[in-house]
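Colleague:
Residue numbers (our numbering): 611 to 889.
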C-alpha cells in the first residue's frame, strides 16, 4: 500500500512546478484544464487557479513543456506560460484518480471561493463604484455653470464607454475570452468579442463630441439590451463566471450589478433618444 501511494503522488525527485496560465475566468475553466492535464502521461496532480492565473503540476517523471502546453490549448482558449515561483492554492488540487465534488452546492462554493465570495470581488465592487462616481462627477462639472439633463447624461455615457473600453484594451484577448462566455452574440461569433471594445470606444467618442446623436443612441440601446439579455441568461443558468465589463484587470463577478449596468445604459439611451425626437 505504501509503495502504491508513493507512485501515485509522484517521485520525491519531481517537485511540483507552478506555471503561469492565461485565459482562465471561472471554476469551469479550472475543471477543463485540470482534466486535460491529468490526461497527459506522467502528470499525477493539477491545480489550476483562475484568480492568480497559475497552475501547479505534479509529475512522476519528466514531462515536456510542449506536451503540457498542447493539452492546455486543446482544452480551450488557454496558454501555458513559463514556470513561476508563487504556488497557487492547495484546496482545489485533484490528483489522478480523485473525483471532484458531486454536491452542486459544495462545487459552486469551491469554484467561487476566490472570485465571488473572496476579497477580490469586494475590491472589484469598490473599484467599480469609485469609477462610476468619478465619471458622474466629471459629467456634472463639465456642464457647469448651467448643466442640463441631456448634457450630463451624454457626458456620463461618453465617459462610461471611454473608461470601460480602456480597461478592455489593457488585455483585449483576455476580455474577449471572458465576454464570449456570457454574451449572446460573442458566444455565437467570437470576433464580436474583439469588436465590442472598439464599439464602446467609438460610442464614447460619439457621446463626448455629440456626433450623430440619434444613431448613437440607437446603437447603444441595441448593444446594451443584447448585453443585458446575455447576463440574464447566465444568471438564470446560475453560471459562476467573471464579469468582463472591466476587462481582466478588476475582479468582478457576473451578477446583478452587471445587469443593472447594462439596463441602466439602455434606459439612458432610450431616454436621450426620446428627448432628441421631442426636441
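Glycine included, C-beta positions come from ideal geometry on N, C-alpha and C.
Can you grab the Cα-Cα spacing for the pair residue 628 / residue 663, in whole Å?
Modeller: Rounded to whole angstroms, residue 628 to residue 663 spans 10 Å at the Cα level.
Colleague: Using CA atoms only, rank isn't needed, just tell me which of 754, 851, 809, 799 is closest to residue 778.
Modeller: Of 754, 851, 809, 799, the residue nearest in Cα terms is 809.
Colleague: Is residue 876 closer than 8 Å to residue 834 when the C-beta atoms are compared?
Modeller: Against a cut-off of 8 Å, the Cβ pair of residue 876 and residue 834 comes out as a contact.
Colleague: State the beta-bridge partners of residue 666 as determined by DSSP.
Modeller: Beta-bridge pairing links residue 666 to 628, 657.
Colleague: Assuming residue 694 is part of the beta strand (DSSP E), what are its boundary residues?
Modeller: Its beta strand (DSSP E) spans residues 689-694.
Colleague: Please classify residue 759 as buried or exposed, where buried requires at least 16 other C-beta atoms within 10 Å of its C-beta.
Modeller: Exposed.
Colleague: Could you have a look at residue 851 and say whether DSSP puts it in helix, strand or coil?
Modeller: The answer is strand: DSSP assigns residue 851 an E or B state.
Colleague: Give the straight-line distance between the Cα atoms of residue 815 and residue 858, rounded to the nearest whole angstrom.
Modeller: The straight-line gap from Cα to Cα measures roughly 23 Å.
Colleague: Just mark residue 820 as buried or exposed, buried being the case when its beta carbon has 16 or more other beta carbons within 10 Å.
Modeller: Exposed.
Colleague: Going by DSSP, name the residue or residues bridged to residue 636.
Modeller: In the DSSP output, where bridge partners are listed per residue, residue 636 has 851.
Colleague: So, at 8 Å on beta carbons, what are the nonlocal neighbours of residue 679 in its own chain, with the 5 sequence-adjacent residues on each side left out?
Modeller: Result list for residue 679: 689, 690, in chain order.
Colleague: For residue 825, name the three-state secondary structure that DSSP assigns.
Modeller: It is helical.
Colleague: Hey, which unbroken runs of the alpha helix (DSSP H) at 4 residues or more fall wholly within the region 795-821?
Modeller: Listed in chain order, the complete alpha helix (DSSP H) runs (minimum 4 residues) inside the region 795-821 are 801-819.
Colleague: Within 10 Å of its beta-carbon, does residue 674 have 16 or more other beta-carbons around it, so buried, or fewer, so exposed?
Modeller: When all chains shown are included, residue 674 counts as exposed.
Colleague: Tell me the DSSP secondary structure of residue 686 in three-state form.
Modeller: Residue 686 falls in the coil class under three-state DSSP.
Colleague: Mind checking who residue 863 pairs with in its DSSP beta bridge?
Modeller: Per DSSP, 852.
Colleague: With C-beta atoms as the reference, is residue 824 less than 8 Å away from residue 883?
Modeller: Closer than 8 Å, so yes.
Colleague: Hey, could you find the ends of the alpha helix (DSSP H) residue 764 is sitting in?
Modeller: Its alpha helix (DSSP H) spans residues 759-780.
Colleague: Residue 642 to residue 650, Cα distance in whole Å?
Modeller: Answer to the nearest angstrom: the Cα atoms are 13 Å apart.
Colleague: Report the three-state DSSP secondary structure of residue 858 (helix, strand or coil).
Modeller: If DSSP states are grouped into helix, strand and coil, residue 858 belongs with coil.
Colleague: My assumption, with CB atoms under 8 Å, is that residue 791 sits in contact with residue 851. Please give the rounded CB distance.
Modeller: Yes, they are in contact, since the Cβ atoms of residue 791 and residue 851 sit about 5 Å apart, within 8 Å.
Colleague: Would the beta-carbon of residue 860 fall within 8 Å of that of residue 737?
Modeller: Result yes, Cβ atoms of residue 860 and residue 737 sit closer than 8 Å.
Colleague: To the nearest angstrom, report how far apart residue 854 and residue 782 are at their CA atoms.
Modeller: Roughly 10 Å separates the two Cα atoms.
Colleague: Have a look at residue 839 and residue 636 and give me their C-alpha separation to the nearest angstrom.
Modeller: Their backbone Cα atoms lie some 20 Å apart in a straight line.
Colleague: Can you check whether the CB of residue 648 is closer than 8 Å to the CB of residue 682?
Modeller: No, the Cβ-Cβ distance between residue 682 and residue 648 is not below 8 Å.
Colleague: Using 10 angstroms around the beta-carbon of residue 743, count the other beta-carbons present and answer buried if the total reaches 16, otherwise exposed.
Modeller: The residue in question, residue 743, is exposed, as its Cβ has fewer than 16 Cβ neighbours within 10 Å.
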